[in-house]
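Okay, so here's the structure we're looking at.
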Amino acid sequence: MDLELRGRAALVTGASRGIGRAIALALADEGCDVALVARGKDALRVAAGEVAALGVRTAAIVADVTVAADVERMVAEMVRQLGRIDILVNNAGGSFP
19 MDLELRGRAA
29 LVTGASRGIG
39 RAIALALADE
49 GCDVALVARG
59 KDALRVAAGE
69 VAALGVRTAA
79 IVADVTVAAD
89 VERMVAEMVR
99 QLGRIDILVN
109 NAGGSFP
């Protein structure tokens, strides 16, 4: 399916496994450059490798979206590596008191 996303830049949180990983792969398959964000470095590295294998620019960013400083750094790193954010997928889950 061609969703006309080629050349867009997407940021996907919770991207190291499950639905987030599947979304990151689907966006890459549509030609999006993808920044994958997750807390776990090892699983994130594996998922980012799978996305990069689809031939798009890929960034792997370790961050916890429940920490404001991490969110600011995540956005800055995405823009630094991929130039902009066209698509945001807020998939990360968390619990708050």
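Every position in the sequence shown, counted from 1, becomes a number in the working numbering once 18 is added. Glycine is no exception: its CB is placed at the ideal position from the N, C-alpha and C atoms.
- Look at Asp20 here: in three-state DSSP terms it is coil, with no helix or strand label.
- In the three-state reduction of the DSSP assignment, Ile79 falls in the strand class, which pools E and B.
- A straight-line Cα-Cα distance of about 28 Å links Arg24 and Asp82.
- The C-alpha of Arg26 is placed about 6 Å away from the C-alpha of Asp104.
- Assignment of Ala71 by DSSP, reduced to helix, strand and coil, places it in the coil class.
- Runs of the beta strand (DSSP E) lying entirely within the segment 26-52 and spanning at least 3 residues, in chain order: 27-31.
- It is roughly 8 Å from the alpha-carbon of Leu100 to the alpha-carbon of Ala53.
- Note on geometry: alpha-carbon atoms of Ala44 and Glu68 lie some 11 Å from one another.
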